[in-house]
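Numbering (the numbering used here), first residue to last: 10 to 281.
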């Protein structure tokens with residue numbers, strides 16, 4: 010059994026990728042992640058993003074930073090429904106939990122809804138395998154998108170009621186809306202992550218989790234409940250920091266999103 014000093018369980022939008030550009034900035038983030046992974050630190054992206062987003066936006070940054078083969082890097086995408094190993098060559102075999110995949114017909118209805126009423130503000134994410142998601146166009150002002158999002162979410166609620174999909178929920182973020190099975194979440198992603206590491210004989214002595222929303226606390230909650238030592242980094246604390254039984258860390262400089270994420274990654278990499 011390998012027992013690295015810590016493992017990283019990371020949301021992607023916000024801490025790693027800018028929620029404005031939807032890309033990973035060229036700078037220290039890729040280098041620090043690759044350096045820690047190459048030293049045997051597990052790095053797992055616990056994200057609502059699709060595996061395609063990880064392959065297109067994250068893997069090239071890690072490859073350019075010198076990520077080596079056979080490192081403990083994984084993506085657990087779509088909030089626990091999809092998972093794969095991350096390598097310098099790309100993603101390994103992609104697994105999907107079929108029990109959590111939404112009906113194809115629902116996706117078609119949402120795609121049609123976006124095309125008919127909301128295409129100027131948002132787009133249908135064609136890369137999702139289990140969830141149904143729409144996302145704000147990068148060039149659209151946030152206030153315009155958020156105003157339309159309320160109308161869109163209400164329309165989705167009507168679709169779910171019509172189909173009798175009681176086990177499906179609507180989860181809006183500042184740049185998207187996810188329609189997903191109610192079992193999905195960052196806690197499921199955390200459980201999936203530890204299972205992947207257990208298959209490799211890896212059990213970190215402690216964990217750092219990182220996110221930009223209240224739902225990201227669920228991964229730290231789950232780890233704490235399972236008896237793991239964990240600290241959570243909130244890179245957008247303006248929403249308010251809830252009371253927790255584990256430490257919550259924020260940027261000392263006041264940075265948010267990926268700038269705050271970069272601060273902590275550099276600190277952890279330097280500690281090795």
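Glycine included, every Cβ here is placed at the ideal spot set by N, Cα and C.
Boundaries (first-last residue) of the beta strand (DSSP E) holding residue i
i, result
"residue 150", "No beta strand (DSSP E) contains residue 150, which DSSP labels as neither H nor E."
"residue 263", "Unbroken run through residue 263: none, as it is neither H nor E."
"residue 316", "Because the chain here runs from 10 to 281, residue 316 falls outside it and cannot be looked at."
"residue 282", "No answer is possible for residue 282: it lies beyond the span of the chain, which begins at 10 and ends at 281."
"residue 185", "185–190"
"residue 181", "177–181"
Residue i: first and last residue of the uninterrupted alpha helix (DSSP H) it sits in
i, result
"residue 17", "Run containing residue 17: none in the alpha helix (DSSP H); it sits in the beta strand (DSSP E), 16–19."
"residue 23", "Element bounds for residue 23: n/a, residue is neither H nor E."
"residue 233", "226–234"
Given residue i as reference, the closest of the options once Cα atoms are compared
i, options, result
"residue 254", "271, 241 and 265", "241"
"residue 7", "130, 137, 102 and 209", "Residue 7 falls outside the range modelled here, since the chain spans only 10 to 281, and no answer is possible."
"residue 202", "273, 16, 71 and 144", "16"
Through-space distance from residue j to residue i, alpha-carbon basis
i, j, result
"residue 278", "residue 243", "18 Å"
"residue 22", "residue 172", "31 Å"
"residue 134", "residue 38", "26 Å"
"residue 152", "residue 162", "16 Å"
"residue 280", "residue 271", "14 Å"
"residue 183", "residue 64", "23 Å"
"residue 197", "residue 228", "8 Å"
"residue 223", "residue 52", "21 Å"
"residue 108", "residue 89", "12 Å"
"residue 95", "residue 84", "7 Å"
"residue 82", "residue 74", "14 Å"
Check: residue i C-beta below 7 Å from any heavy atom of the ligand NAD
i, result
"residue 77", "This structure lacks the ligand NAD, and indeed carries no ligand of any kind."
Rounded distance between the beta-carbons of residue j and residue i, thought under 8 Å
i, j, result
"residue 19", "residue 43", "Contact flag wrong, Cβ pair sits at about 14 Å."
"residue 239", "residue 218", "6 Å"
"residue 80", "residue 47", "6 Å"
Per-residue DSSP class, three states only, for residue i
i, result
"residue 131", "strand"
"residue 237", "coil"
"residue 144", "strand"
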